[in-house]
Every structure is written in structure tokens, then in C-alpha cells.
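Visitor:
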Amino acid sequence: MSDRRKPFPFDEFEPAWQARWDAEKTFRTPNPGDADFDAAKPKFYVLDMFPYPSGSGLHVGHPEGYTATDIIGRAKRRQGFNVLHPMGWDSFGLPAEQYAIKTGQHPAITTTANIATFKRQLKSLGFGYDWDREVATTDPGYVRWTQWIFLQLYTSYFDEEAGKAKPIAELEARGWTREQIDAVRLAFVHEAPVNWSPDLGTVLANEEVEEWRGKGHIVERRPLRQWMLRITKYAQRLIDELEPLDWPDGVKLLQKNWIGRSDGAEVKFQISNSKSQISNPDAASSGLEIEVFTTRPDTLFGATYMVLAPEHPYVAEITTAEQKDAVDAYVKACATKSDMERGDLSKEKTGVFTGAHATNPVNGKTIPVWIADYVMMGYGTGAIMAVPAHDERDFEFAKKFGLAIVQVVMPSVPPAGFTGLLPPYVENAFSEPGVAIGSPPIGWGLMDPRGERCDLNGLPTAEAKAKMIAWLEERGQGKRRIQYKLRDWLFSRQRYWGEPFPLTWKDGNHYAVPDAELPLLAPPLEDYKPTGSPEPLLSKAREWVELPDGSIRETNTMPQWAGSCWYYLRYCDPSNSGRFISKEAESYWAGNGEKPGMVDLYVGGSEHAVLHLLYARFWHKVLHDLGHVSGNEPFNRYFSPGLILGEMEFLGFKDAAGAWISFKDVNEQDGTFTHTTSREVLQKVVIDAGDLEKENDYFVLKDDPSIRVRAKAEKMSKSRGNVVNPDDVVDAYGADSLRLYEMFMGPLEQVKPWSTKGVEGVSRFLARVWRLAFEENQAGEWVRSAKIQDVPCTDKALLKVVHETVKKVTDDIARLSFNTAISQMMICTNAFTQAELVPLKEFRLLLHVLNPFAPHLTEEIHARIGGTGMLANEPWPQHDEAALETNELELVVQVNGKLRDKITVAKDAAQASIEAIALGTAKVKEQTDGKTIRKVIVVPGRLVNIVAN
RNA sequence: GGCGGCUUGGCGGAAUUGGUAGACGCGCUCGACUCAAAAUCGAGUUCUAACGAGUGUGGGUUCGAGUCCCACAGCCGCUACCA
2 MSDRRKPFPF DEFEPAWQAR WDAEKTFRTP NPGDADFDAA KPKFYVLDMF
52 PYPSGSGLHV GHPEGYTATD IIGRAKRRQG FNVLHPMGWD SFGLPAEQYA
102 IKTGQHPAIT TTANIATFKR QLKSLGFGYD WDREVATTDP GYVRWTQWIF
152 LQLYTSYFDE EAGKAKPIAE LEARGWTREQ IDAVRLAFVH EAPVNWSPDL
202 GTVLANEEVE EWRGKGHIVE RRPLRQWMLR ITKYAQRLID ELEPLDWPDG
252 VKLLQKNWIG RSDGAEVKFQ ISNSKSQISN PDAASSGLEI EVFTTRPDTL
302 FGATYMVLAP EHPYVAEITT AEQKDAVDAY VKACATKSDM ERGDLSKEKT
352 GVFTGAHATN PVNGKTIPVW IADYVMMGYG TGAIMAVPAH DERDFEFAKK
402 FGLAIVQVVM PSVPPAGFTG LLPPYVENAF SEPGVAIGSP PIGWGLMDPR
452 GERCDLNGLP TAEAKAKMIA WLEERGQGKR RIQYKLRDWL FSRQRYWGEP
502 FPLTWKDGNH YAVPDAELPL LAPPLEDYKP TGSPEPLLSK AREWVELPDG
552 SIRETNTMPQ WAGSCWYYLR YCDPSNSGRF ISKEAESYWA GNGEKPGMVD
602 LYVGGSEHAV LHLLYARFWH KVLHDLGHVS GNEPFNRYFS PGLILGEMEF
652 LGFKDAAGAW ISFKDVNEQD GTFTHTTSRE VLQKVVIDAG DLEKENDYFV
702 LKDDPSIRVR AKAEKMSKSR GNVVNPDDVV DAYGADSLRL YEMFMGPLEQ
752 VKPWSTKGVE GVSRFLARVW RLAFEENQAG EWVRSAKIQD VPCTDKALLK
802 VVHETVKKVT DDIARLSFNT AISQMMICTN AFTQAELVPL KEFRLLLHVL
852 NPFAPHLTEE IHARIGGTGM LANEPWPQHD EAALETNELE LVVQVNGKLR
902 DKITVAKDAA QASIEAIALG TAKVKEQTDG KTIRKVIVVP GRLVNIVAN
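The numbering used here applies: residue 2 is where the first sequence begins, and numbers increase by one.
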């Protein structure tokens, strides 16, 4: 590789420029208070999602987003902004800990080594980061403030009336008891079934379960005492305050769906034969009530049975003696089932009758109470009223167990053959909105003992819902309820490599560690192996845990999310030891208040579009409520780059019998496919793109259609062996080529396959730019080209292309449309190549706009052709509008919408004369011959369309 | 099942508000240079011999549709018994 002749000497000048940017701190960002800070400059905060420094180093997916932000940052800087573009490390995490388990090496050592590799790689790509602001979530100086923020949550509660967090000191002043306060803290202790993984030795958040299961780890349900964060209090604000943000609609929707607001009602059902009643038949009035949540209170007249989750606390109480054995067996079976088994939709509904009955509050009817695992304890009240006619799941269940089905809604547009009476739904449930019927059933109102009647008949679903809720509320039988899917955030882990909770326990109470003692760091352990029991790893360090005054430390640690929830704040003031961010820095980087968010542009993978972004927004809102930050959102604009897939591969072909024969080895020299299992050569076929014909998702060889070759791009992965290492690309083609290629592949947000040939293409383009300025002499040295001359540009067409390029590149950068910007610069370069001579001034304009994309190459050329200073410090160029103007325009002439001819007219030609010219051309006459001209449409500067028939 | 996205040459993709479909790059073909090759430079390249046809399929709106509307199909992503 090293003796391969380079098309331009990037291997010499790229490291030199990187060293110079480092030494001169070219991309250092002045903060308020610094000597070189200029308050008049507007701020621009462009942020990358910081990486987890894994052992395998940078992946080509990383530079995709990083190059995009680097281009924006460099351009904005030259456009007069004070640009904050920092980088850091999300350095807590499981892999370093698992490595420690294997080797006994402290995770900090592994982490430091990995960070060094990542940093070297990032620098080799020439990114203009302000490395003075580098942060790592594992730094003691950072942990300290992560713990401090946790204590802010711990010492706050959510004031429902104000709709915001407030310090618990206010409650203490009001004389609240410790117990009352602990019940409302934003960080609280909760005993609940959680996802425990014995082999990882930790509890996982619901959201993380599938990820780790997928990697082959065991995850089971267990009731454990855990720390939780009360994010559910912010559910509504997390929806509402999303609205003004400049995020992709898809991501906003994803967050909204995750929070999952449902509007409905809570309805009370009286249990008519709970044990307490059975033992004391007179105590009917104090009978047990069970609340259900429903989004369709309008269907209450159609509720024919009730279902409780197997874990529902009243199951044991209401179950009759006859049903006890069956119920116990069912509950036990559900408890041992994994979530996966329970969630399997394809399986049949199961359930058991409890023997109990409930009274439907609207019609006094007695309905049976069942338990079934299709009702979840974690959502709503863990109990439902079943309306089989109007809910698919209830319908399926009722069918299976022979329960009554009563229709109470009919479609607004009755189906064909509808008689007007009730054809009980026999095929499917009708779950869409419609019109209420049978609510109440005919004649029923007269029989109501209290003379109360809730008549929904004839009302459309929305109105029927509202009326029913009002009716229930009036009688205390239920109330409107808004339910969210979002659950409180399980915040504790039992790992070693995470922030310890700054808390101690004494006599069953928890206490905050005093601020002066932060950061509270975990002690080194000799053995990092999980204990196998849910006891946190830190509990092994007895000396650390047991304090002289008899209290003990909390031994849980925080999840990896903790550090990434606020790192964007720390970059604004990374070394402040007195505050997590100074007031001045916060107020400057938060902006002028026109926009809710602090970060102007946030770029990072969509795998974080729900959790990380939601968690960071939650923390930011709490800090905002407590007066620590001025805006209520962290990220104004968010953008996620599309995944880069591996190179397209030829995977196999179909044999005569139609069976897929897979092969991995294609000998490109003789074009033979080798069968992977037998290793014998099956057939000789030359694979050549031109020989292939597309057919569905595979290709057919033109001369032998029986042989099919499938081309497919797949995710990069070690097991597939299609991972591209950025270091190799930089070695072979240079950093500028890698940067440019990743931006040229296609729209930033799109999923796209890697192509080595594509890298060669952009590398050739950069070489062409280089050769505009230099030519190689006999000695193999690059000397200034004779074509490049410091003379005024007399070539109007060339001047036009150059200024079009300045304009388009400027616009495209703002639109994040880098692929089209690059294409325009290629057009410009081709124009220079074909020109007689290269006028220096115009050539410099190209270098200026190419600079953010290919910073090394452009700086090198600039310096070698006598430029002073660095392009990076030059103001951004402006295009000359006059150069874009032309005297003549080419117009398209269409007849009936079809292109027939082209005409050239003066720029300011009158419409009438354009029409006359268009109608007069030979081709138009030919097309309109014998027809009547009905209409002539002239679109100025574009076309003429003649309508004739 | 639900929600979202996508579908344009041999390939990646362009067409910002409805106005020349296929920019730019890859690949391929031919030519120049070379003993030869690589590199480089130049010409060509949607399909079709041509008339014409053509942006997943069928319909609609419009002088004009890749772009807007309706229906359908295929692919990808997320989510999942959320009452």
C-alpha cells in the first residue's frame, strides 16, 4: 500500500496540517470572560453525539455525522459565528467492565487506552474540534456534577399545580413528614418486578432488555428494590414542548408514541362476592371496588365481563373457593413465563374465571370477573372492562370462552345489507368509531331503580365518550383519565463501572452525601465478577460501604445514560470546579431565548432518537425548573445520518432445481464461484456488471438466465467480515477523500452502501483539483502549473460556473445537502480543467468553498500558490450576482406537454415575441400542422407550451 | 397487527416552489499517450434498429406530474395483547 503512487501527496501534508491546527489551537472557542472573547459575534453550537470509546476503534459510521458537523462548524466559523464544536467520551459502559472481569485490569485503564485510540483516529480525519473542551463521563471532575445533578432530582418534587419541579425544602417548610416527602421525590426508591440478568450481574431498563437478550444474555423478572426517576410527571411537557423543535417529524412522532398518551376514563366496578362480603353478607356497601381504565367509555353498555392481570393485588381476595386451585395454577404459570412468551401475539388467549362477579355501573348488570395474561399489570389499572363487540382482543377471548358479545356501536356508514337491527358481530370486532346503539337497550331506562339514565343512543363515538364520562363523574362512578405508556425510569444498576449514587442509609432511611464530599468514586476491586445474586458489585468493598457512624453507602450505580444526559452543558464550561456550568457560560451558549434549545444543531444516530433524547430532555427540564438553565430544551435542531451498509456483495445463485447455492469465494481473476461447503468449482461464470440483468431483488446473467446472482448490501458486522476501517481508507486515499466520499454517497439521512470504487471517484476529483494548480516535473516534484495565472477572468462561462458554485455550496451547506454541493464543485473543477487557463482569483473561490469539505488539500494548495494565513481563518466568500446573469435564455418549446424544440431568446424578450418565435419554428409547425392552437402558455425563463388539437 | 419511511438507468444518486427526467460519481465502450500496462486526458453511455416509450402498479387533478390526490404492491425501520 505504501509504495502505491499517490495521486497527490496527501500522506505528507495531511498530518502536517493536523499538527498545525493542534499547535495553533485554530479551532479553540473563546468563552465569555476569555481575553479573545467577542460578545458581538453570534454563537453557534453544533454537537455530535459523543462516542462510547470501544476497543474496536472508530467505525466508518462515526465520520459520517462528524464530517457533516465539521463542515457546518468550519463554514459557520468563517461566516462570523463563535462556533462551539466539541468532542468527548461516553466512557462508562459494560464492555470495559467485562474486560475487567476477564483480566482483572481496572476499567479506567482500558478506557484511557481506548480514548487515546479514538482521539488519534478523529485527529487523523482533520476535524476542527476544540480539544481544550474535551470531557469524559468517567473523569472525577465530571462524575462530581453528574452526582450533583442526581441530588438535584433527589431533593426535588413535581408540583402538579405549577407543572414543574420544586425543591423539597418547600415541603419541609410546610411540615411534611419524611415519609410523605420520600413519596414524591423525583428520585425515589421502589420495590417492583424488574429485569434482572444474572450473567450480566445487573438490572436492566425495560428498553434495554431486548438488546441484551439479543446478545444471548439471560434476563428474568424479579422483585427488587431500585432507584427510579419520576419521568412520568413530565410526560405531558415532553409531548407539548416537542412541538417548536426543529426535529424530523418522524423522530417527534417516535417520541410521542413512546410517551403514548391515551385519553379515556377510569370506571369503578363493584365486586359483588368478594370474601369480605361472603363472610359478612350485610356489608354490601363496603364491598370491594375495582377500577378499570378504558379509552372507550362509550362502550360501557357492551361490557360483558371484566379481566384482571394475573398479578392484580385483588386476585386472591375475590377468587371463590371453587376456583381457587385453577386461579392459583394460572397465576403461578404466568409468573414463570418470560415477557417474550407472554407477549407472543400468535398464541391463543388464555385465562381463568375467578368465580367473582362485578356490577356494571351503567346498567346494574352482573358480569363475570376473569384473569388473563393479555391484561398487563404495568399499564392503566391492571384491570379492564371487556367489550368483545368492539375490541379485537376481548372478542377473541369471548369467542374462546363463550362469553356474551353485545354490540353497542354501529358503523356511521352502515355496511351493505345492514337491516338496522343488531347482527351480533360474529366475524370480527368493530373497533372503529361509529354511532352508539343499545346504550341503553330499548326499554331499559324505565327499569333503572334510581331513575338515572345515560342515553348515548345515536351519538357519534367522540360525543358518546364525553357524555359517558360526564355521567360517571356526576355519580362518582368514574372519572376522566389520561394514561401514558411511558413508565418511570429505572435508574439503578448493580455494576461497577458507573457513577455511585451519592447516598447513604441509616435506620432504613436514605440521606444525601454532602456536596463537599463529591465526587464519590467507586473503590478499586480485586475481583469484578458478578456475585450472581442481585447484590450490587460495590457491596464487595466492605471498607468503602461501612461508614464510621454506622451508616452504609448505597451500592447501586447509575446507568450509562446518566453521563450522556448533560454532557452538552459541560462542554460550555468544561473545567469549572465550582459549578456544573457557570451562569455566564450558560446564558451565552443558551442563546437569546428565541429558540427553546441550547444546541443549534445536534447530529447523531437515530438509535438514540427515543431514549437518550428523551432522558436528556427530562433532565434539562428539571434543571430549568430549578433555575439552573435558562431554556427548557437541550437540542433545537436534531438530525440523524443514515446507516452506512457494507459493500454490495454477490451472494449466491440458484441451481437448476431452484435451490440457493451460497458461496463466499469469488475468484475475480477467472470469475469462478466456489461452493463454500464442498470447495469444488461448480461453474465458471464471469461476473461483470454488464452481464447482469435485474430481476426482483437479484440479478440474472443475460446469456444464462438460469443462474441468478443476488446483490445485496448488508449491515457492517465483524461476523460478516464487511467492516470498513477508517484507518485503512485514510492510508490509501487520505482523510479528505474519506470525508468527501462519506458526504458524496447520497443524502445524509439515507441508508446507503459503502463503495470502494466510490472512494476512488472522489479521490480522483481531489487529484484533479490538485493538478489544476500543480504539475509533476521530471524529478517527480509537484511544481506550480503554468496554466494558473493571476489575470482577470475573461471567460464569461467559467466565471458564471464559479459563482454558481459559491452560491450553491453556501446554500447546500445550510440545507445539509452535501452530496449536491460536492457535485457542483466537481462541475466547477471540470470547467477549470477544460479552460485555457486557470485565473487565480476564481480558483481561490473554489478553494474557499471546498475548504470545509477537504480542509487539508485546500490549505495546502492555498499555501503553495502564495496565499497568506489559513483558509480556515478567512471570511466565507460571497458570490457575484452579476456574474450569474446572461443576456440570452434557452427556452423549451412543448406541444401538448411534450418537448419538441428549444429556442434562444433575449433575457428581456416580451411574451408576445417569445410566443411568435416558438410558434414559428419548423418542428413546432410540423407538430401543429392541421391543428388549431388553443392556448399558449409561457413560463418566464423556463418554457413555452403550445396546446393544440 | 399498529406507526413511520422508501421505490428514478447496470449501480450510488440529481431534479429546492408541479415546468427540458437521469446532474454528479461509479461501471462499461471507444480513442489519445505508452513497447505494454497503470495513471492521466478526450468522446460516448435510460431503453429502442427506428417510430416511440419511460420515474414500483392502476386510476385521477392539470396546458404540463418523479413531484399533488385516491387505491394497490414490494422493500426497510421502529413498535407490539397499552385496553
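Every residue, glycine too, gets a C-beta built ideally from N, C-alpha and C.
Ala658 by DSSP, collapsed to three states: which one?
Guide: Residue numbering aside, residue 658 sits at position 657 when the first sequence is read from its first letter. Since pLDDT at Ala658 reaches only 37, below the 50 mark, its modelled position is unreliable, and the value read off the structure follows with that caveat. In this structure, Ala658 counts as coil in the three-state DSSP scheme.
Visitor: Grab me the residues of Thr138's own chain with a C-beta within less than 6 Å of its C-beta, minus the 5 sequence neighbours each way, in chain order.
Guide: Mapped onto the first sequence, residue 138 falls at position 137. Asp91, Ser92, Phe93, Gly564, listed in sequence order.
Visitor: Mind checking which residues open and close the alpha helix (DSSP H) that includes Leu205?
Guide: Numbered from 1 along the first sequence, position 204 holds the residue referred to as residue 205. No alpha helix (DSSP H) contains Leu205, which is instead part of the beta strand (DSSP E) from 203-205.
Visitor: On the premise that Pro642 lies in contact with Gly598, defined as a C-beta separation below 8 Å, what is that separation, rounded to the nearest angstrom?
Guide: Mapped onto the first sequence, residue 598 falls at position 597. Mapped onto the first sequence, residue 642 falls at position 641. So it is not a contact: roughly 19 Å between Cβ atoms.
Visitor: Kindly indicate the opening and closing residues of the alpha helix (DSSP H) around Ile862.
Guide: Position 861 of the first sequence, counting from 1, holds the residue named residue 862. That run of the alpha helix (DSSP H) goes 856-865.
Visitor: Beta-carbon separation of Thr321 and Gly288 under 7 Å?
Guide: What you label residue 321 is simply residue 320 of the first sequence in a count that begins at 1. What you label residue 288 is simply residue 287 of the first sequence in a count that begins at 1. No, Cβ-Cβ distance for Thr321 and Gly288 is not below 7 Å.
Visitor: What span of residues does the beta strand (DSSP E) with Gln227 cover, start to end?
Guide: The count along the first sequence starts at 1 and reaches residue 227 at position 226. Residues 221-230.
Visitor: Rounded to a whole number of angstroms, what is the C-alpha to C-alpha distance between Asp930 and Ala911?
Guide: Numbered from its first residue, the first sequence carries residue 930 at position 929. Numbered from its first residue, the first sequence carries residue 911 at position 910. Computed Cα separation, rounded: 25 Å.
Visitor: For Gln408, report the span of its beta strand (DSSP E) as first-last.
Guide: Numbered from its first residue, the first sequence carries residue 408 at position 407. First-last for Gln408: undefined, no H or E at that position.
Visitor: Just to confirm the assignment, what range does the alpha helix (DSSP H) spanning Asn258 have?
Guide: Walking along the first sequence from the start, residue 258 turns up at place 257. First-last of the alpha helix (DSSP H) with Asn258: 250-260.
Visitor: How many angstroms separate the CA atom of Leu920 from the CA atom of Val940?
Guide: Here residue 920 is taken as the residue at index 919 of the first sequence, counted from 1. Here residue 940 is taken as the residue at index 939 of the first sequence, counted from 1. Between Leu920 and Val940, the C-alpha separation is close to 15 Å.
Visitor: Does the Cβ-Cβ distance between Asp574 and Ala586 come in under 7 Å?
Guide: Sequence index remark: in the first sequence, residue 574 carries index 573 (1-based). Sequence index remark: in the first sequence, residue 586 carries index 585 (1-based). Their beta carbons are under 7 Å apart, which means Asp574 touches Ala586 by this criterion.
Visitor: At 3 residues or longer, and completely inside the stretch 576-639: list those beta strand (DSSP E) runs for me, N to C.
Guide: Those beta strand (DSSP E) runs which fall completely within the stretch 576-639 and span 3+ residues are 598-600, 602-604, 634-636.
Visitor: Return the Cβ separation of Ala768 and Phe9 in integer angstroms, given the expectation that the two are a contact with Cβ distance under 8 Å.
Guide: Mapped onto the first sequence, residue 768 falls at position 767. Mapped onto the first sequence, residue 9 falls at position 8. That belief holds up - the Cβ atoms of Ala768 and Phe9 are roughly 5 Å apart, short of 8 Å.
Visitor: Kindly provide the ranges of any alpha helix (DSSP H) runs that are 4 or more residues long and lie completely inside the stretch 69-107, ordered along the chain.
Guide: With a minimum length of 4 residues, the continuous alpha helix (DSSP H) runs that stay inside the stretch 69-107 are 95-104.
Visitor: Assuming the contact rule is C-beta atoms closer than 8 Å, Gln408 and Ala387 should be a hit. Round their C-beta distance to whole Å, please.
Guide: Stepping through the first sequence from its first residue, residue 408 is reached at position 407. Stepping through the first sequence from its first residue, residue 387 is reached at position 386. Going by Cβ atoms, the distance from Gln408 to Ala387 rounds to 14 Å, so no, they are not a contact pair.
Visitor: If you draw a straight line from the C-alpha of Asn778 to the C-alpha of Glu886, how long is it?
Guide: Here residue 778 refers to the residue found at position 777 of the first sequence. Here residue 886 refers to the residue found at position 885 of the first sequence. Their backbone Cα atoms lie some 40 Å apart in a straight line.
Visitor: Which same chain residues end up closer than 8 Å to Asp808 when comparing Cβ atoms and leaving out the 5 residues on each side of it in sequence?
Guide: Position 807 of the first sequence, counted from the first residue, corresponds to residue 808. Note that residue 808 corresponds to Lys in the displayed sequence, not to Asp. Closer than 8 Å at the Cβ level, and outside the excluded window around Lys808, lie His880, Leu885.
Visitor: Since Arg29 and Asp160 are thought to touch, with beta carbons under 8 Å apart, how far apart are those beta carbons, to the nearest angstrom?
Guide: Reading the first sequence from its first residue, position 28 is the one you call residue 29. Reading the first sequence from its first residue, position 159 is the one you call residue 160. Not quite, the Cβ-Cβ distance comes to about 42 Å (not below 8 Å), so this is no contact.
Visitor: So for Phe11, helix, strand or coil by DSSP?
Guide: The sequence position of residue 11 within the first sequence is 10, counting from 1. Of the three classes helix, strand and coil, the one that applies to Phe11 here is helix, per DSSP.
Visitor: Specify whether the stretch 606-626 and the stretch 718-726 touch according to this definition: at least 3 beta carbon pairs, one from each stretch, less than 8 Å apart.
Guide: Output reads no: the stretch 718-726 does not touch the stretch 606-626.
Visitor: Buried or exposed: which applies to Glu843, given that a residue is buried once 16 or more other Cβ atoms fall within 10 Å of its Cβ?
Guide: By 1-based counting over the first sequence, the position of residue 843 is 842. Under this definition Glu843 is a buried residue.
Visitor: If you run the structure through DSSP and keep just helix, strand and coil, what is Ile918?
Guide: The residue you call residue 918 lines up with position 917 of the first sequence. If DSSP states are grouped into helix, strand and coil, Ile918 belongs with the helices.
Visitor: Pairing CB atoms from the stretch 294-309 with CB atoms from the stretch 353-373, are three or more of them under 8 Å?
Guide: Yes: at least three Cβ pairs fall under 8 Å.
Visitor: Of the choices Leu187, Asn831, Leu225, whose alpha-carbon is the least far from that of Leu205?
Guide: For the purposes of this step, residue 205 is identified with residue 204 of the first sequence, where counting begins at 1. For Leu205, the nearest C-alpha among the options comes from Leu225.
Visitor: Under 6 Å Cβ to Cβ from His849, same chain only, skipping five residues before and after it: list those, please.
Guide: As a position in the first sequence, residue 849 is number 848, starting the count at 1. Pro878, listed in sequence order.
Visitor: Between the Cα of Tyr1 and those of Leu187, Phe11, Pro52, Gly66, spot the shortest distance and give me the residue it belongs to.
Guide: With the chain covering 2 to 950 only, the question about residue 1 has no answer from this structure.
Visitor: Based on the DSSP output, what are the partners of Lys507 in its beta bridges?
Guide: By 1-based counting over the first sequence, the position of residue 507 is 506. Paired residue(s): Asn510.
Visitor: Going by beta carbon distance, what residues of the same chain come within less than 7 Å of Pro194, once the five residues before and after it are set aside?
Guide: As a first step, residue 194 must be located in the first sequence, where it is residue number 193. Once the five neighbours on either side are set aside, the close Cβ partners of Pro194 are Arg222, Arg223, Pro224.
Visitor: Is the beta carbon of Phe431 sitting closer than 7 Å to the one on Ala359?
Guide: Within the first sequence, numbered from 1, the residue matching residue 431 stands at position 430. Within the first sequence, numbered from 1, the residue matching residue 359 stands at position 358. Result no, Cβ atoms of Phe431 and Ala359 do not sit closer than 7 Å.
Visitor: According to DSSP, what are the bridge partners of Ala322?
Guide: Translated into the one-based positions of the first sequence, residue 322 becomes position 321. Its beta-bridge partners do not exist; DSSP assigns none.
Visitor: Could you tell me the distance, in whole angstroms, from the CA atom of Gly647 to the CA atom of Leu59?
Guide: What you label residue 647 is simply residue 646 of the first sequence in a count that begins at 1. What you label residue 59 is simply residue 58 of the first sequence in a count that begins at 1. Straight-line Cα distance between these residues: approximately 15 Å.
Visitor: Can you confirm whether the stretch 257-266 touches the stretch 620-632 when touching is taken to mean that 3 or more C-beta pairs between the two stretches lie within less than 8 Å?
Guide: Judged by Cβ distances under 8 Å, the stretch 620-632 makes no contact with the stretch 257-266, as fewer than three pairs qualify.
Visitor: Using a 10 Å radius around the Cβ and a threshold of 16 neighbouring Cβ atoms, would you call Asn950 buried or exposed?
Guide: Stepping through the first sequence from its first residue, residue 950 is reached at position 949. Asn950 should be labelled exposed.
Visitor: Taking a contact to mean a Cβ-Cβ separation below 7 Å, would you say Arg79 touches Gly129 in this structure?
Guide: For the purposes of this step, residue 79 is taken as residue 78 along the first sequence, with counting starting at 1. For the purposes of this step, residue 129 is taken as residue 128 along the first sequence, with counting starting at 1. For Arg79 and Gly129, no; Cβs fall outside 7 Å.
Visitor: Grouping DSSP H, G and I as helix and E and B as strand, with all else coil, what is Ser275?
Guide: The sequence position of residue 275 within the first sequence is 274, counting from 1. Per-residue confidence for Ser275 stands at a pLDDT of 49, beneath the threshold of 50, marking its modelled position as unreliable; the derived number appears in the next sentence. Note: Ser275 maps to coil in three-state DSSP.
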